[in-house]
Ligand SMILES: [Zn+2]
């Protein structure tokens, strides 16, 4: 499934390696990252590419080209891809939940 929606940052490489689990993930818009963080005023998020690690076993949610990381517990809401709950949110852009997408 394509998880990138329309949130792709056009100025940076569209894929980058998670500094924790070493796998390659797709970019997200840095506004998406800022929007999710509980205390954005405490975070310095430079203009660069941000990427979304979807591995449920990896504590990193977002990471930047400079390898700075944003962890699950720094976000307002649980991240859908980090959960296996049936009502997990699988797309922020359209508020689609797994059981909506999978019900057929
Ligand atoms: Zn990761």
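In this note's numbering, the protein residues as written are 96 to 199.
Note that beta-carbon positions come from the ideal geometry of N, C-alpha and C, so glycine has one too.
Exposure of residue i, with buried meaning 16 or more beta-carbon neighbours within 10 Å
i: residue 148; result: buried
i: residue 162; result: exposed
i: residue 159; result: buried
i: residue 144; result: buried
i: residue 167; result: exposed
i: residue 172; result: exposed
i: residue 138; result: exposed
Nearest residue (CA-CA) to residue i, options the options
i: residue 154; options: 144, 145, 176, 121; result: 176
i: residue 116; options: 178, 150, 141, 136; result: 150
i: residue 133; options: 152, 124, 165; result: 165
i: residue 125; options: 136, 113, 114, 141; result: 141
i: residue 156; options: 139, 114, 194, 195; result: 114
i: residue 70; options: 195, 170, 194; result: There is simply no residue 70 to check, as the chain begins at 96 and stops at 199 in what is shown.
Beta-carbon proximity of residue i to residue j, cut-off 8 angstroms
i: residue 130; j: residue 119; result: no
i: residue 122; j: residue 146; result: yes
beta-carbon residue i near ligand 2 non-hydrogen atom, thresh 7 angstroms
i: residue 150; result: This structure lacks ligand 2; its bound ligands are ligand 1.
Which residues DSSP lists as bridging residue i, in chain order
i: residue 111; result: 120
i: residue 170; result: 132
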